[in-house]
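Structure record follows, encoded as structure tokens.
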Amino acid sequence: MLKILADENIPFAKELFSELGDVSLKAGRTMNADDLIGVDALLVRSVTKVNQNLIGATDLKFVGTCTIGTDHLDKTYLESRGIAYSAAPGCNALGVVQYVLCALAALDRLRSPAKVAIIGCGNVGSRVWQALKNLGMDCYCIDPHLSKDNVEDLAPFEAIYDCDIICMHTPRIRDGAYPTENLLGSEQLKQLKAGALLINAGRGECIDNRALLSYLQQHSDLDVVLDVWADEPNMLPELFSLVKFGSPHIAGYSFEGKVNGTTMIFAKLAAELGKSEAWISQRIDALRKEKFGSGPALQADDLQRLLVQTYDINRDHQALAQALTELPQSFDLLRKHYPQRREFSHFSVRSADGALLKKATKLGFTNV
Numbered sequence: 005m006l007k008i009l010a011d012e013n014i015p016f017a018k019e020l021f022s023e024l025g026d027v028s029l030k031a032g033r034t035m036n037a038d039d040l041i042g043v044d045a046l047l048v049r050s051v052t053k054v055n056q057n058l059i060g061a062t063d064l065k066f067v068g069t070c071t072i073g074t075d076h077l078d079k080t081y082l083e084s085r086g087i088a089y090s091a092a093p094g095c096n097a098l099g100v101v102q103y104v105l106c107a108l109a110a111l112d113r114l115r116s117p118a119k120v121a122i123i124g125c126g127n128v129g130s131r132v133w134q135a136l137k138n139l140g141m142d143c144y145c146i147d148p149h150l151s152k153d154n155v156e157d158l159a160p161f162e163a164i165y166d167c168d169i170i171c172m173h174t175p176r177i178r179d180g181a182y183p184t185e186n187l188l189g190s191e192q193l194k195q196l197k198a199g200a201l202l203i204n205a206g207r208g209e210c211i212d213n214r215a216l217l218s219y220l221q222q223h224s225d226l227d228v229v230l231d232v233w234a235d236e237p238n239m240l241p242e243l244f245s246l247v248k249f250g251s252p253h254i255a256g257y258s259f260e261g262k263v264n265g266t267t268m269i270f271a272k273l274a275a276e277l278g279k280s281e282a283w284i285s286q287r288i289d290a291l292r293k294e295k296f297g298s299g300p301a302l303q304a305d306d307l308q309r310l311l312v313q314t315y316d317i318n319r320d321h322q323a324l325a326q327a328l329t330e331l332p333q334s335f336d337l338l339r340k341h342y343p344q345r346r347e348f349s350h351f352s353v354r355s356a357d358g359a360l361l362k363k364a365t366k367l368g369f370t371n372v
């Protein structure tokens, strides 16, 4: 029988993947080479570095990461060994959209038109771009890998300096033509518009955290929201004290997003094992039907009040604030025990305001 080792924080991993083999669970950050003896398929999240040190002595055949990114996978090594691998691009995109919009609502940044730069317009950034554009924001997309054929609002990097809001959704890229590590450092930070809001829900290393700390210690003209931190889980507590909102890398931790990651990798592994599309769909549909359910109807008279009813970002900020003295262990514990957060699609809306209902529909709410 196929032996599968999965991160214990992958939702419904045992329940779903047991259809394919014998599933064992372990904390992702503490996985080691001994755990992989005899394992055929490895299922991870971004906290597990999958490289030669971890899998060099194994007969592993498949690696699936239930996350959008792959910077924690040594793809060159996997390819050299002929080990199939797969990620779940876009699985948590709508959860990140919710995080960004609720941060804007909590900071009263939705009431007036604004210029917004979205740095990185892949699966996640493009969804953020579309949501903000639907709300009437003037958007500038920064991504050297795209052209105006892909994104009509494509702009040069320098456009960020004229924007009121900068949202970062980039992977961590250390080299090549367009590296993103420390993409925003001292020189870039000092050129941002006075009063701007900077949100990072991509990778922590894309902002030089020490440079940001130094800037915020000397200036009060930049608001910052950080969901990701350099060298997680060893974040800088001093930096946390200077941001408007800080959270432990949970922007995409919506219930739907996490389940999407699981089902996407399940589909990939099942296909590798020769299962039919109908067989795969039947099992995924059954899981969704059982677990998703329907949500409450929300009453609101404006968009800001509607959004904060679905997610209170300050709750996560306060939870991290209380856990700072126990870092780095507390960072992972907050993620492991993160309370269920449902996306916009889980909620219906009741309002006499037709314009509000139209906006809510575009964001994925259900109108009743």
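Each residue of the sequence shown is one higher than the one before, starting from 5 at the first, in the working numbering.
Cβ atoms here follow ideal geometry from the backbone N, Cα and C, with glycine treated the same way.
Provide the residue(s) that pair with residue i in DSSP beta bridges, ordered along the chain.
i, result
"C106", "Answer is none; C106 lacks a bridge partner."
"L29", "A10"
"F66", "A45 and A88"
"D3", "Nothing can be reported for residue 3, as the shown portion of the chain is limited to 5 through 372."
"L82", "BP columns for L82 are empty, so no partner."
"G250", "L230"
"P54", "Note that residue 54 corresponds to Val in the displayed sequence, not to Pro. For V54, which the question treats as bridged, DSSP gives the partners L77."
"I164", "In the DSSP output, where bridge partners are listed per residue, I164 has none listed."
"M172", "I123 and N204"
"L40", "Per DSSP, none; premise fails for L40."
"T370", "S352"
"L187", "DSSP lists no partner for L187."
Could you say which of the options lies nearest to residue i if we only look at CA atoms?
i, options, result
"R207", "R176, Y219 and K197", "R176"
"R131", "C70, L82, L188 and A205", "A205"
"W233", "Q221, E276, E185 and L226", "E185"
"A359", "I41, Y81 and A304", "A304"
"V247", "G180, I254, P183 and L230", "L230"
"L158", "G25, I284, F335 and I123", "I123"
"A61", "A37, F335, H76 and S190", "A37"
"Q333", "Y103, L243 and T34", "T34"
"R113", "L311, L64, A215 and E260", "L311"
"C2", "Q326, D320, A325 and P343", "In this structure the chain extends from 5 to 372, so residue 2 is not present and cannot be described."
"I72", "C95, L64 and F161", "C95"
"S285", "A301, E209, T267 and E276", "T267"
"T80", "V101, V54 and I288", "V54"
"Y89", "Y315, E276 and L6", "E276"
"E260", "D316, A327, R345 and L338", "R345"
"D289", "L20, Q322, Q308 and M5", "L20"
"L108", "R339, K340, R309 and R287", "R309"
"Q222", "P160, S190 and V263", "S190"
"I14", "L324, F161 and S258", "S258"
"K262", "D357, V353, F369 and P343", "P343"
"A356", "D147, L302 and A17", "L302"
"D316", "N371, I254 and G368", "I254"
"F335", "S251, P183, L307 and S116", "S251"
"F270", "G86, T370, A91 and Y103", "A91"
"D235", "G368, F249 and E209", "E209"
"S84", "V100, T74, V101 and I59", "I59"
"E162", "V155, L324, D147 and K152", "D147"
"T12", "F66, K340 and Q134", "For the sequence presented, residue 12 should be read as Glu rather than Thr. Nearest of F66, K340 and Q134 to E12, Cα basis: K340."
"D75", "K65, R178 and T329", "R178"
"A366", "W133, T329 and R115", "Note that residue 366 corresponds to Lys in the displayed sequence, not to Ala. For the residues W133, T329 and R115, the minimum Cα distance to K366 belongs to W133."
My guess is that residue i and residue j are in contact by the Cβ rule of under 8 Å, so how many angstroms apart are they, rounded?
i, j, result
"A97", "V128", "5 Å"
"C143", "L136", "6 Å"
"N318", "A118", "Going by Cβ atoms, the distance from N318 to A118 rounds to 21 Å, so no, they are not a contact pair."
"G265", "C70", "3 Å"
"D225", "G199", "6 Å"
"L273", "G68", "6 Å"
"A215", "L196", "That pair is no contact at about 12 Å."
"I373", "A45", "This structure cannot settle anything about residue 373, because the visible part of the chain is limited to 5 through 372."
"L188", "I203", "Actually they do not touch by this definition, with Cβ atoms about 12 Å apart."
"Q3", "D39", "What is shown of the chain runs 5 to 372, which leaves residue 3 out entirely."
"R363", "L139", "Position check: residue 363 holds Lys in this sequence, whereas Arg was assumed. Confirmed, Cβ separation roughly 6 Å."
"N213", "L331", "About 14 Å; that fails the 8 Å criterion."
"I169", "V120", "4 Å"
"L418", "K18", "Summary: the structure shown does not reach residue 418, with the chain confined to residues 5 through 372, and so no result is reported for it."
"Y182", "H149", "7 Å"
"V155", "C171", "The pair is not a contact, with the Cβ atoms about 14 Å apart (cut-off 8 Å)."
"L324", "F244", "7 Å"
Between residue i and chain C, is the shortest Cβ-Cβ distance under 8 Å, so that the two count as touching?
i, result
"R354", "The structure shown contains no chain C; it is built from a single protein chain."
Next item on the list: At 3 residues or longer, and completely inside the segment 190-217: list those beta strand (DSSP E) runs for me, N to C.
Entry: 200-204
Margin query: Ignoring anything shorter than 3 residues, give me the beta strand (DSSP E) runs that lie fully in the segment 276-353, in order along the chain.
Written below: 301-303
Notebook entry, point to check: Below 8 Å, can you find three or more Cβ-Cβ pairs linking the segment 281-298 to the segment 50-66?
Noted result: no
Item checked: the segment 272-284 in contact with the segment 344-355 per 3-pair CB rule at 8 Å -> no
Notebook entry, point to check: What beta strand (DSSP E) runs, 3 residues minimum, are completely inside the segment 116-158?
Noted result: 119-123 and 142-146
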